[in-house]
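K.L.:
For what it's worth, full-length UniProt numbering labels the leading residue of the sequence shown as 1, then goes sequentially.
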Amino acid sequence: MLTQAPDLLPRTVQEFSRRHGRPPTWAASAPGRVNLVGEHTDYLGGLCLPIALPLATWVAAAPRDDTSIALSSGADLVWAGNVSVLAPESERVQGWAAYVVGALRAVGWQGGLDLHVESSVPLGSGLSSSAALICAVATALTAASPHDLLGPCVRAEQDYVGVPSGGMDQTISLLARPGHASLLDFAGGSLPSLTQVAWDPETDGVELLVVDTGVSHANDDGAFAARRAEAEAAMALPAEEVAGADDPLPRRRRHVESENYRVRRVVAAVCQRDWVEVGALFSASHASLRDDHEVSCDELDTVVASAVDAGALGARMTGGGFGGCAVVLVPLEQRDEVVAAVTRAAFAAGHPPPVFLPGHASGPASRHRVAGP
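So this is what it looks like as structure tokens:
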């Protein structure tokens, strides 16, 4: 059964008022994202093709007259501190609050604050829950344009939280367009060039399913950083030295180079509405991530294999890997059969029951005044 995306604005405002004893001044949302193709390429000056999801993180906030900062969330997580954490010389806050404080520092927030968070983006699923939180906080607290917020939001995760992400997540969360995928080219660094590509497979009777394996991953647990370091070392080698380099560097480089090629081929196939070709490229991307970049896991491999065996046009893991989600491109008439087959395969393998999420291309972060002058 496909999980539907809820509208969390009313709940976010209500819960802020209940927990903080007054109405919020601002609310904002920022979407999670799923990357169609182009994995572990953004931080290497490569290409990727994400869409924003209808799943989003919402925040409600109001300034305080004192120096206290009070954070709460629908997951019953709370954090309390004061404005001293915003000083450049202060020690980094730990846990989920680091993403909020990182965003506050990035946008130059200086006073006290009450803030509440609600989210329909599954945590640790590879759907960019951390970037959605950062972008939602930044959007709520400033009137800056999405383009102006992009650099600060990237720096919040890279410099404050310490996750060596490449900028894809924040870009799509802030600059997405409904019904479009965003072709991002990071040749110029963490602030990419962007080309919108119409993405509406439903018009041709094809659907994108996002399948959450239930296996959480964390970009800041060291594995992501290790893969990035290996890939950076591989890409820095002169071409004539790659073949003779120690394993795994040749395989890491082969993944990056072939993945960039696949992104261009997927864009061409989408423009030609050749969904069979898109599916085949999805599956080829997964094989590369599994074998050459080694960031897949048994749960992801089971979803991909069982979906394709049941009639999907193609499937691949998405996100940083080591758990999280897969994307499955499936003809609408095959959807129920594919969902059933993936569920059976996960059960047979002793894996958590998969959750099927909506994969429609949605819009960017947005801000709402809810109280005050």
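Note that beta-carbon positions come from the ideal geometry of N, C-alpha and C, so glycine has one too. The structure displayed is predicted, hence computed values, not measured ones.
Using the three-state DSSP reduction, which class does P373 fall into: helix, strand or coil?
P.N.:
Here P373 scores only 46 on pLDDT, less than 50, and its place in the model should not be relied on; the value that follows carries that caveat. Three-state DSSP puts P373 in coil, outside helix and strand.
K.L.:
If we count Cβ pairs, one from each stretch, closer than 8 Å, do we get three or more for the stretch 275–282 versus the stretch 234–252?
P.N.:
Result no; under three Cβ-Cβ pairs closer than 8 Å.
K.L.:
With a CB to CB cut of under 6 Å and the five nearest residues on each side skipped, what residues in its chain are close to residue 377?
P.N.:
Past the edges of the chain, shown from 1 to 373, lies residue 377, and the structure says nothing about it.
K.L.:
Any idea if S90 is buried or exposed, counting beta-carbon neighbours within 10 angstroms, 16 or more meaning buried?
P.N.:
Result: exposed.
K.L.:
Taking one C-beta from the stretch 333–348 and one from the stretch 233–243 each time, how about it: are there three or more such pairs within less than 8 Å?
P.N.:
As far as the Cβ criterion goes, the stretch 333–348 does not touch the stretch 233–243, which means the pair count is below three.
K.L.:
In terms of alpha-carbon separation, which member of R290, A284, E257 and V197 lies closest to G314?
P.N.:
Nearest C-alpha to G314: A284.
K.L.:
Thinking C-beta only, is A365 closer than 8 Å to A30?
P.N.:
Against a cut-off of 8 Å, the Cβ pair of A365 and A30 comes out as a contact.
K.L.:
Which partner residues of W58 appear in the DSSP bridge assignment?
P.N.:
Paired residue(s): S29 and E118.
K.L.:
Would you say V100 faces chain B, with C-beta separation under 8 Å as the test?
P.N.:
Note that chain B does not occur in the displayed structure, where there is just one protein chain.
K.L.:
Whole angstroms is fine: what's the gap from D246's alpha carbon to V328's?
P.N.:
Taking the straight line joining both Cα atoms gives about 34 Å.
K.L.:
Determine whether the beta carbon atoms of A132 and L49 lie at a separation below 8 Å.
P.N.:
No, Cβ-Cβ distance for A132 and L49 is not below 8 Å.
K.L.:
Please state if the CB of W96 and the CB of L77 are separated by a distance shorter than 8 Å.
P.N.:
Yes. Within cutoff.
K.L.:
Using a Cβ-Cβ cutoff of less than 8 Å, which residues in the same chain neighbour V197 once the five nearest sequence positions on both sides are dropped?
P.N.:
The residues are L49, H180, A181, S182, L183, V267, V270 and C271.
K.L.:
Taking the straight line between their C-alpha atoms, what separation do you get for V295 and T25?
P.N.:
In a straight line, the C-alpha of V295 is about 42 Å away from that of T25.
K.L.:
Three-state secondary structure (DSSP) at F356?
P.N.:
DSSP places F356 in strand when its eight states are reduced to three.
K.L.:
Check this for me: beta carbons of D301 and R290, under 8 Å apart or not?
P.N.:
For D301 and R290, yes; Cβs fall inside 8 Å.
K.L.:
Along the chain, which unbroken stretches of the alpha helix (DSSP H) at least 4 residues long are found entirely within the stretch 59–107?
P.N.:
Taking only runs of at least 4 residues, the alpha helix (DSSP H) segments lying wholly in the stretch 59–107 are 97–106.
K.L.:
Please state whether DSSP places P238 in a helix, a strand or coil.
P.N.:
Coil at P238, not helix or strand.
K.L.:
What are the boundary residues of the beta strand (DSSP E) that includes S331?
P.N.:
Note that residue 331 is Pro in the sequence shown, not Ser. P331 -> beta strand (DSSP E) spans C325 to P331.
K.L.:
Please report the Cβ distance between G222 and S190, rounded to the nearest whole angstrom; I am assuming they are in contact, meaning their Cβ atoms lie under 8 Å.
P.N.:
About 21 Å; that fails the 8 Å criterion.
K.L.:
If I'm right that E299 touches G321 with Cβ under 8 Å, what's the distance once you round it to whole angstroms?
P.N.:
The pair is not a contact, with the Cβ atoms about 11 Å apart (cut-off 8 Å).
K.L.:
Do G74 and V37 have their CB atoms nearer than 8 Å?
P.N.:
Not a contact, by the Cβ cut-off of 8 Å.
K.L.:
Among all the DSSP beta bridges, which residues are the ones paired with M168?
P.N.:
None, per the DSSP bridge assignment.
K.L.:
Suppose contacts are defined by Cβ-Cβ distances below 8 Å. Is A62 in contact with T139 by that definition?
P.N.:
Not a contact, by the Cβ cut-off of 8 Å.
K.L.:
Given that a residue counts as buried once 16 or more other Cβ atoms are within 10 Å of its Cβ, and exposed if not, what is G102?
P.N.:
That one is buried.
K.L.:
Assign Y160 to buried or exposed, taking buried as 16 or more other Cβ atoms, counted over all protein chains shown, within 10 Å of its Cβ.
P.N.:
Buried.
K.L.:
Could you check how far apart the C-beta atoms of V342 and G311 are, in whole angstroms? I think they sit under 8 Å.
P.N.:
Between G311 and V342 the Cβ distance is about 11 Å, and since that is not below 8 Å, they are no contact.
K.L.:
Assuming the contact rule is C-beta atoms closer than 8 Å, P352 and V215 should be a hit. Round their C-beta distance to whole Å, please.
P.N.:
So it is a contact: roughly 7 Å between Cβ atoms.
K.L.:
Between the alpha carbons of H147 and V93, how many angstroms are there, rounded?
P.N.:
Each residue's Cα considered, the two are about 27 Å apart.
K.L.:
Would L208 and G319 qualify as a contact pair, given that the criterion is a beta-carbon distance under 8 Å?
P.N.:
No, the pair does not count as a contact, with Cβ atoms beyond the cut-off.
K.L.:
Based on the DSSP secondary-structure assignment, which residues constitute the bridge partners of S362?
P.N.:
S362 pairs with A52.
K.L.:
Looking only at its own chain, which residues have a Cβ that is under 6 Å from the Cβ of S68, when we skip the five neighbours before and after it?
P.N.:
Cβ neighbours of S68 beyond the five flanking positions: N82 and G112.
K.L.:
Under DSSP, the alpha helix (DSSP H) around D291 begins and ends at which residues?
P.N.:
Looking at the DSSP string, the run of the alpha helix (DSSP H) that includes D291 is W275 to D291.
K.L.:
Between A136 and G124, what straight-line distance do the alpha-carbon atoms span, to the nearest angstrom?
P.N.:
Looking at the two C-alpha atoms, the distance is approximately 17 Å.
K.L.:
Look up R316 in the DSSP assignment and give the residues it is bridged to.
P.N.:
In the DSSP output, where bridge partners are listed per residue, R316 has V327.
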